[in-house]
Amino acid sequence: MRVVIENSAEAVSQFVADRIAQWVRHHPSCVLGLATGSTPLGTYRELIRLHREGSLDFSAVTTFNLDEYVGLSPSHDQSYQYFMQDNLFQHVNLSAESTHVPDGLATDLASHCLQYEEAIRDAGGIDLQLLGIGTDGHIAFNEPGSSLGSRTRLKSLTHETIRDNARFFENESKVPRLAITMGVGTIMEARQCLLLATGENKAEAIQATIEGPVTAQITASALQYHPNTIVVVDEAAGSRLQRKDYYREVELAQLEWEKSNTP
Ligand code: GLP
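For our numbering, count along the sequence shown from 1 and bump the result up by 80.
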């Protein structure tokens with residue numbers, strides 16, 4: 081895992097947006113895996129800015145979102161479909177057919193999950209997967225105890241996640257109890273993963289993800305087995321890391337190397 085510790089949440093967004101932008105410029109018909117939550121919002125704002133200034137074209141890009149609440153329609157303002165329209169899709173030139181978010185209203189949820197996996201495969205797999213992290217260490221909605229080999233499926237949310245996400249709803253009782261989520265196994269097949277985290281409330285989950293054992297109790301820790309993952313955190317989210325100085329040294333060396341190898 082490459083661990084990048086930035087000074088601020090803004091710098092995290094900038095780092096991640098730069099990587100996505102570079103990827104899209106070099107591979108215009110790439111497949112992006114996208115995430116919701118407050119953490120990637122700054123990244124999406126920066127991507128929109130780059131698109132508006134004319135330096136980023138999404139016309140050939142395909143996207144797949146990680147997850148969706150069961151029972152919320154796309155017009156519900158807390159559905160992840162709505163979130164993506166509001167915070168990214170409607171502001172850039174992605175075509176409607178090339179964006180995919182699981183359908184929380186699908187009548188046959190099991191076959192919808194299978195079709196979602198098939199659609200990812202048919203698109204050639206995910207090149208770059210953006211990930212946030214829950215305070216319980218989940219990626220997408222892979223709650224503690226999820227199989228590290230899991231595929232897209234239905235998942236019951238934990239009390240911790242329901243409580244964390246209640247801030248977006250009228251009250252806790254309005255938070256859906258079920259979600260459709262890509263599995264840990266699905267995420268692990270992405271060619272590159274970018275996990276981002278900001279704020280003190282993520283510090284424990286980040287420490288466990290990077291420095292703890294690989295365990296289904298912290299599903300993000302499976303990324304230790306992923307050959308190409310970058311974890312990007314601000315100082316607060318990285319505050320519990322025990323090997324901070326080493327990650328900083330490695331990052332400086334990495335940046336030096338990138339500079340001397342850029343034509
Ligand atoms: C939800 C999403 C996750 C996201 C997490 C953190 O649980 N399913 O994909 O990473 O929230 O959200 P936030 O960035 O708002 O802390």
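Glycine included, C-beta positions come from ideal geometry on N, C-alpha and C.
Determine the contact status of residue 294 and residue 304, defining contact as a CB-CB distance below 8 Å. yes
Give me, in chain order, the residues of the same chain whose beta-carbon lies closer than 7 Å to that of residue 302; leave out the 5 immediate sequence neighbours on both sides. 228, 264, 268, 294
For residue 412, which three-state DSSP category applies? Only positions 81 to 343 of the chain appear in this structure, which leaves residue 412 out of reach.
What do you reckon, is the C-beta of residue 157 under 7 Å from a heavy atom of the ligand SAH? Looking at this structure, you won't find the ligand SAH anywhere; what it does contain is the ligand GLP.
Residue ranges of each beta strand (DSSP E) within the region 183-258, 3 or longer: 208-211, 233-236
Best match in 218, 240, 231 for proximity to residue 255 [C-alpha to C-alpha]: 240
Residue 310: first and last residue of the uninterrupted beta strand (DSSP E) it sits in: 309-314
Determine the extent of the alpha helix (DSSP H) in which residue 147 is found, giving its start and end residues. Premise fails: residue 147 lies in the beta strand (DSSP E), 147-149, not in any alpha helix (DSSP H).
Determine the extent of the alpha helix (DSSP H) in which residue 265 is found, giving its start and end residues. 264-268
When you compare the CB positions of residue 148 and residue 300, do they come within less than 8 Å of one another, or not? no
Would the beta-carbon of residue 145 be found less than 7 Å away from any heavy atom of the ligand GLP? no
Short Cβ contact (8 Å threshold) for residue 315 with residue 85: yes
Please tell me whether residue 220 and residue 146 are closer than 8 Å, where the distance is taken between their beta carbons. yes
Look at the alpha carbon of residue 105 and the alpha carbon of residue 328, and state the distance between them as a whole number of angstroms. 28 Å
Start and end residues, alpha helix (DSSP H) containing residue 286: 283-291
CA-to-CA distance, residue 209 to residue 22, given in whole angstroms: Within the shown structure, residues of the chain are numbered from 81 to 343, placing residue 22 beyond reach of any answer.
Going by C-alpha distance, which of 188, 139, 244 is nearest residue 118? 244
Am I right that residue 212 and residue 289 are in contact with their C-beta atoms under 8 Å? What's the rounded C-beta distance? Not really, about 12 Å apart at Cβ, beyond 8 Å.
Who are residue 26's beta bridge partners in DSSP? Because the chain spans 81 through 343 in this model, residue 26 falls outside it and cannot be assessed.
Beta-carbon gap between residue 308 and residue 272 smaller than 8 Å: yes
If I follow the unbroken alpha helix (DSSP H) through residue 130, where does it start and stop? 121-132
Top-ranked residue by Cα proximity to residue 326, from 291, 275, 248, 306: 291
Might you give, ordered along the chain, the residues of its own chain that have their beta carbon closer than 6 Å to the beta carbon of residue 97, omitting 5 neighbours on each side? 123, 126, 127
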